[in-house]
Each structure stands twice: as structure tokens, then as C-alpha cells.
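In our numbering, the protein residues as written are 144 to 703.
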């Protein structure tokens, strides 16, 4: 996706720029310079290279959650498409509720809405990407198969309709042309019916001439097709087909293939008529015009170069042959140099160096790394003034926390089984109690991760809550689209701050902010997920039930 997105955006811009260049600057630049520019476009379309570019860092967000393998342009496209589909899902949900008079919980069961949300979420979890790549691969194989079929059929028809090889004086003239142009003679056959002379094939080409051509016309056709061969246009036709196969979904690439084909014909006309006088040019133009009266020549899918074209394209070719242009050599050279430099810049799609750091390096970076190296020993933790002295005391502390006004859990009775592990390490490498509780006949467990030295409880989780035991509908996005008011969210935010100050005295001053992330609906119960940051390395996540009453489901402290 990096390659496809970057190549199509940047090469697409180049293709659009080539349209006015071809129309207004052709007579000053010449057809050779324009064909060179098409070569650069093809290189950008086919080469999966990415160079570091400092300017690209401007579109890397500080909170970028995409893998490092995803480069900034592709990442931005993914995020923007996901956001657009998310907005569309909210609009659809609002329409469904208003139109059908449904409650929120009823409306979110609408199949079309759920499908749209699934696609939007797929931009984050990879499902949409995998589906898109499947569609892309099928399309690419289909286009490639189509190209193979039409070319095989056309070349079989040419072989079937061969009349005779070139011989006599015309063959001698052809051999002289080959020596003059410095190319190895190719096989030449007369074919009937054939709309126009053509150079057929990519790797082992041959020249096909229409049987109805006069001797003078045949000479001009041979010169034209030999120049195609000398310029490697048969191979460039193959490159064009590769571009169309790989970027089959982009209409600009198909348009570029047609335009570049036209420009290669014009360049070939220039080469053939370069040393001709006015009368010879008229005869050559007449040969082109007569080919129009026959069947139209095969288009972009064909691995063939030929003289015939129709409509305004032929008019432009004849005009170029008869009246030429006023090519300015210095301008053409400047164009080639500028285009080459722009090609190098066009590959600058990777971020330069490290991602920008949004944090003040001099601020207190309280990093909550979960790393036992150099960590607090159990003896050191138990020696603290507020230490929790035993595992039994840790269980009682956990029960007290879970049954508090914040979690409102009933952990009394004999149906609970509790275990404690004191070998764990937590934030700031402090020794921790890992207290887990399991109630007989109940799905899920609860756990409390607290410091042995009594300095805090970092993680409290209620795995028995419906949030974790039932299917739910999760919707990230804007607060004003969620079934939660700003006033309620402010209460939830303060609720989270109060809990943090109770569970970890003094820690709230290090939190940068607590902000809404997403809402979740299970049955008729509404939850919101709030997030808070300490610094670029660590933060907290709060899952909070907001209706019918506010209570914590769990709190997690960690890196990321």
C-alpha cells in the first residue's frame, strides 16, 4: 500500500502536469523531451523506492499509532479514509434514529450501519486492508489476463494472414535502411488484411506491412517501424502495459499510456522526416492519412507500435510533419534537467530521522517502564513506612479498593478464591503485589496490581463486567456524536482524577490531561474510555460506566 498510494498520488500529479506541457510547450520542447518526461513518470510508477525527506516529517503526527513500516503519506491516507467513514457512520446512525424513531441501542443493530462501522474499524485492525488487497490482486490478474488474451489473439491473426516475406528490391532497400540506422534486420511480412504497418511483439519483434501498400508507402512504413525499433519503442510499449497492470485502478495511468503512445509516434515521425524535403513530407503525411481510411489500429492493450491513428491525433501528427515546430534546444535541455531533479524529489516519501518529539525534553519524564532490571527488592519494599506487610493484607487492600465507591463491586462472601504473587515488578521498577480474584460460577477474574511499599495501585481490572463478557458496539469519534454530553464527560474526568489521587496520592499532578477516546454500548449500559498521558512513554486508560450511574470498570497504567 505504501508503494501504490505514493506512486499513484505523485505520478498522478505528474500526469496532470504533462497535459498542459504537451498542449502548450510541445513545439518549443520537442517530442523527444516529452517522451523523456513520460519515461520519468513510468519510473515513478514502477519503482518502489522511498527516500528520507525532512518536509515529510510535517505530516507525521506526534501521537502517530501506525507501524513504522507504514510511511507518512500512506498513513495519512489510511487515517483520513478511516475518519471519513467514521463520520459517515455517525451521520447514518443519526438518520436511522430520526427516520425510524429508534433508540440508540436499536439503531446500532442496523446491518448497513454495522457494516460501515466494520469497514471504518478495518482501517485500524487491517481487515479493510486485506479485503482491499484481495480486490486489487484480482483486478491486476484480470487486467494481465486480458492483455495476454488480446495480444495472443491479435498475433495469431497476423500469423494466419501472412502472405509472404519481404523480397526483391524492397528487401534490398530495407537492408540498406537497417545498415543506415545501425540496427539488426528484423523479419518483415506482408499481411492481409492489415490496417497499417506495425512493429509487433516485445522481446522478439517483427514488422508487418499491409499487402495493399504501394512500394513508396512500404518504404516509408519500413523507415517508420525501424525507427520505433531503434528507439526501443517495442520495449516501452511493454513497460506501458506493466504500468497499466500494476495501477489498473487509476484512470490517469491509462490516460498516460494513451498519451505517451501518441507522443512516441510523433517522435518517430520527427526522426523519419528530419532530412526530408517538403514534397517527401507530403507523401509521408499522405501515407498516414490513407491508413485512417482502413480499420482502426489496436489501442493501449496491444504490444504493437504502428503508424495509424484517427481523429484529432492524426490531425496533430500531419500538422507536425508538414509544419514542424520551433524547438528551443536550451529550453528542452532545461526541461529535461528539471524533470530529472523532480523525479528524485518525487521519491522523497519517507520520514527523515526520528519522528518529531512533542514533549519538552526538560520536563519531568516519569517513565512507567515495566522492567525488573535494577528493580526494588522485596525487602526494600517491605521496609517502607506504608508497606503492605503480608499477602493476606494485600488481599484485604484489594477487596477494600474493589468495594469502594469507585468500583462498587461485591467481593464479600466465601465464593471468592484469591491468589497473590509478590514477584512482579511495576512502574518505576517497584516490587508489586499481583492480586487476582475468581468467584465460583462466574465468568472472568478481577485483579489489582499494587505496590508492596504502599505507594499506589496502578492497575485495577474487573474482568467480570459485561464490558468484557458480552459483545459490544464500539464507536470512536467526536464527543458531540456520542450518546454522552460534555457535562457528563466532565464529571467522568473529575471522577477519574479523584480515583487516581486516592489510589496513587500525588500522581495527578503529573497527568497532562484526561480526554475522551471512545464510547461503548453493551445492552442498555453506556461506557466511555478515557485516556491520560504522563509523557510520550506512558499513560493511563480508564474504562468508565456512565449510565445508569458513574463507576469505574478498570484502570490500566502502562507504556505507549
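In this text, a Cβ means the ideal position worked out from N, Cα and C, and glycines have one as well.
Within 10 angstroms of its Cβ, does residue 335 collect 16 or more other Cβ (buried), or is it exposed?
Here the question's residue 335 lines up with position 192 in the chain shown. Exposed is the call here.
Checking the sheet assignment: what are the DSSP bridge partners for residue 196?
Here residue 196 corresponds to residue number 53 of the chain shown, with the count starting at 1. Partner(s): 494.
Residue 419 (DSSP reduced to helix, strand or coil):
Here residue 419 is taken as the residue at index 276 of the chain shown, counted from 1. Three-state DSSP puts residue 419 in coil, outside helix and strand.
Among 308, 600, 393, whose alpha-carbon lies nearest the alpha-carbon of residue 147?
What you label residue 147 is simply residue 4 of the chain shown in a count that begins at 1. Nearest C-alpha to residue 147: 393.
For residue 527, I'd like the list of residues in its chain whose CB is within less than 7 Å of its CB, leaving aside the five on either flank, ordered along the chain.
What you label residue 527 is simply residue 384 of the chain shown in a count that begins at 1. Setting aside the 5 residues that flank it on each side, residue 527 is surrounded in the same chain by 596, 597, each with a C-beta closer than 7 Å to its C-beta; the list follows chain order.
Within 10 angstroms of the Cβ of residue 155, are there 16 or more other Cβ atoms? Answer buried if so, exposed if not.
Numbered from 1 along the chain shown, position 12 holds the residue referred to as residue 155. With 16 or more other Cβ atoms inside 10 Å of its own Cβ, residue 155 counts as buried.
Thinking C-alpha only, which one of 690, 651, 666, 278 is nearest residue 700?
The residue you call residue 700 lines up with position 557 of the chain shown. The option with the nearest alpha carbon to residue 700 is 651.
Should residue 570 be labelled buried (16 or more other beta-carbon atoms within 10 Å of its own) or exposed?
Translated into positions along the chain shown, residue 570 becomes position 427. Residue burial annotation: residue 570 is buried, with at least 16 other C-beta atoms found within 10 angstroms of its C-beta.
CA nearest to the CA of residue 414, picked from 286, 359, 364:
For the purposes of this step, residue 414 is taken as the residue at position 271 of the chain shown. For residue 414, the closest C-alpha among the options 286, 359, 364 is that of 364.
If you draw a straight line from the C-alpha of residue 228 to the C-alpha of residue 267, how long is it?
Here residue 228 refers to the residue found at position 85 when the chain shown is read from its first residue. Here residue 267 refers to the residue found at position 124 when the chain shown is read from its first residue. Approximately 12 Å, taken between the alpha carbons.
Please report the straight-line C-alpha distance between residue 230 and residue 193, rounded to a whole angstrom.
If you number the chain shown from 1, residue 230 lands on position 87. If you number the chain shown from 1, residue 193 lands on position 50. The alpha-carbon atoms of residue 230 and residue 193 are separated by roughly 32 Å.
Going by the DSSP bridge assignment, what does residue 686 pair with across the sheet?
Reading the chain shown from its first residue, position 543 is the one you call residue 686. Answer is 672, 697, bridged to residue 686.
Chain-order list of residues whose beta-carbon lies under 8 Å from that of residue 345 (same chain, five-residue window excluded):
Here residue 345 is taken as the residue at index 202 of the chain shown, counted from 1. Taken in chain order, the residues that qualify are 377, 378, 380, 381, 446.
What's the call for residue 299, buried or exposed, on a 16-neighbour Cβ count within 10 Å?
Reading the chain shown from its first residue, position 156 is the one you call residue 299. Exposed.
Pick from 187, 492, 297, 277: whose alpha carbon is nearest that of residue 196?
Taking the chain shown and counting its residues from 1, one reaches residue 196 at position 53. With distances taken between Cα atoms, residue 196 lies closest to 492.
Is residue 407 buried or exposed, if buried means 16 or more other CB atoms sit within 10 Å of its CB?
Indexing the chain shown from 1 puts residue 407 at position 264. Residue 407 counts as buried, since at least 16 other C-beta atoms from the protein chains shown sit within 10 angstroms of its C-beta.
Meets three-Cβ-pair contact criterion under 8 Å: the stretch 590-609 and the stretch 638-652:
Touching, per the Cβ criterion.
Which residues in the same chain have their Cβ closer than 6 Å to the Cβ of residue 213, if we skip the five residues on either side of it in sequence?
Within the chain shown, numbered from 1, the residue matching residue 213 stands at position 70. Apart from the 5 residues on each side of it in sequence, residue 213 has no Cβ closer than 6 Å to any other Cβ in its chain.
Tell me, which residues are paired with residue 658 by DSSP?
On the chain shown, residue 658 is found 515 positions in, with the first residue counted as 1. Looking at the DSSP assignment, residue 658 forms a beta bridge with 674.
Can you tell me the Cα-Cα spacing of residue 206 and residue 594, whole angstroms?
Position 63 of the chain shown, counted from the start, is the residue given in the question as residue 206. Position 451 of the chain shown, counted from the start, is the residue given in the question as residue 594. Unreliable placement is indicated for residue 206, whose pLDDT of 45 sits below 50; the coordinate value is still reported in the next sentence. CA-to-CA, the gap between residue 206 and residue 594 works out to about 29 Å.
Classify residue 439: buried if its beta carbon has 16 or more other beta carbons within 10 angstroms, exposed otherwise.
As a working mapping, residue 439 is identified with position 296 in the chain shown. Confidence at residue 439 is low in this model, with a pLDDT of 49, below 50, so its placement is unreliable and no value can be given for it.
Restricting to runs no shorter than 3 residues, where is the beta strand (DSSP E) found entirely within the stretch 270-312?
DSSP runs (the beta strand (DSSP E)) wholly in the stretch 270-312: 305-308.
Paired residues, beta bridge with residue 574 - DSSP:
The residue given as residue 574 occupies position 431 in the chain shown. In the DSSP assignment, the residues bridged to residue 574 are 568.
Own chain partners of residue 698 with C-beta closer than 6 Å, once the 5 adjacent residues on each side are dropped:
The residue labelled residue 698 in the question sits at position 555 within the chain shown. So the qualifying residues of the chain are 603, 685.
By a C-beta neighbour count over all protein chains shown, 10 Å radius and 16 as the cutoff for buried, is residue 252 buried or exposed?
Position 109 of the chain shown holds residue 252. Its Cβ having fewer than 16 others within 10 Å, residue 252 is exposed.
Cα-Cα separation between residue 291 and residue 402, rounded to whole angstroms
Residue numbering aside, residue 291 sits at position 148 when the chain shown is read from its first letter. Residue numbering aside, residue 402 sits at position 259 when the chain shown is read from its first letter. Answer to the nearest angstrom: the Cα atoms are 22 Å apart.
For the pair the stretch 659-675 and the stretch 557-576, tell me if three or more CB-CB distances fall below 8 Å.
Touching, no.
State the beta-bridge partners of residue 402 as determined by DSSP.
Counted from its first residue, the chain shown places residue 402 at position 259. DSSP, once it has assigned bridges, lists no residue as partnering residue 402.
Can you tell me whether residue 144 is helix, strand or coil according to DSSP?
Counting from one through the chain shown, the residue named residue 144 turns up at place 1. In the displayed model, residue 144 falls within coil according to three-state DSSP, outside both helix and strand.
Segment limits, alpha helix (DSSP H) that includes residue 379:
Here residue 379 refers to the residue found at position 236 of the chain shown. Looking at the DSSP string, the run of the alpha helix (DSSP H) that includes residue 379 is 376-389.
Assuming contact is defined by CB atoms lying nearer than 9 Å, are residue 371 and residue 321 in contact in what I supplied?
Indexing the chain shown from 1 puts residue 371 at position 228. Indexing the chain shown from 1 puts residue 321 at position 178. No, these two residues do not count as a Cβ contact at 9 Å.
Proximal residues to residue 357 (C-beta, below 6 Å), its chain only, five neighbours per side dropped:
The sequence position of residue 357 within the chain shown is 214, counting from 1. Non-local C-beta neighbours of residue 357 in its own chain, meaning closer than 6 Å and more than five positions away in sequence, are absent.
Close Cβ partners of residue 328 (< 8 Å) along its chain, the five nearest in sequence each way excluded
For the purposes of this step, residue 328 is taken as residue 185 along the chain shown, with counting starting at 1. Here the set comprises 317, 318, 321.
How many Å lie between residue 218 and residue 263 at the Cα?
Indexing the chain shown from 1 puts residue 218 at position 75. Indexing the chain shown from 1 puts residue 263 at position 120. When rounded, the distance between both Cα atoms is 15 Å.
Give me, in chain order, the residues of the same chain whose beta-carbon lies closer than 7 Å to that of residue 542; leave out the 5 immediate sequence neighbours on both sides.
Within the chain shown, the letter at position 399 stands for residue 542. Cβ within range, chain order: 554.
Let me check understanding here. Comparing Cα to Cα, which of 565, 653, 494, 546 lies closest to residue 202?
For this step, residue 202 is matched to residue 59 along the chain shown. Residue 494 is the option with its Cα nearest to residue 202.
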